[in-house]
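What follows is a single structure, written as C-alpha cells, with notes after it.
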Amino acid sequence: MSKEYEFRLTPAERASSTHIKYQAHFEYLLKRERAKNDIPISEDKTNLTRGRISLAKELIGLGTKPKPEDDEEQD
Numbered sequence: 184m185s186k187e188y189e190f191r192l193t194p195a196e197r198a199s200s201t202h203i204k205y206q207a208h209f210e211y212l213l214k215r216e217r218a219k220n221d222i223p224i225s226e227d228k229t230n231l232t233r234g235r236i237s238l239a240k241e242l243i244g245l246g247t248k249p250k251p252e253d254d255e256e257q258d
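The structure is reproduced here in C-alpha cells:
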C-alpha cells in the first residue's frame with residue numbers, strides 16, 4: 184500500500200504568529216458551524232454544515248503533532 188502525502192507543521196511553524204491567528208480563526212469557524220448544526224435546518228444545509236465542520240477540524244489538526252499510533256499505521 185502506498186503512503187499518502189501527510190502535511191505537518193514544524194514546531195517553529197506552529198509557534199508562528201500567523202499560525203496562531205489561523206488556528207484561532209478556524210476554531211471560531213468550527214464553533215460557529217457546530218452552533219448552526221444544532222438548529223433544525225434542511226438535510227442539504229445540514230450536510231454542507233457537517234462538511235464545513237469536518238474541514239475546520241482537519242485544518243485545526245494541521246498544527247498538531249501526529250500521534251504515535253498514527254506513525255505505526257503508515258508502516
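Counting in the working numbering, the sequence shown runs from 184 upward without gaps.
Don't be surprised by glycine CBs; every beta carbon is placed ideally from N, CA and C.
Remember, predicted model here, so these are calculated numbers, not experimental data.
In its chain, beyond the 5 residues on either side, 232, 235 and 236 have a beta carbon closer than 6 Å to the beta carbon of residue 216. Counting only residues of its own chain and dropping the five nearest sequence neighbours on each side, residue 209 has a CB closer than 7 Å to the CB of 239, 242 and 243.
Cβ atoms of residue 202 and residue 192 come within 8 Å of each other, at about 7 Å.
Collapsing the DSSP output to three states places residue 193 in coil. For residue 199, the three-state secondary structure derived from DSSP is coil.
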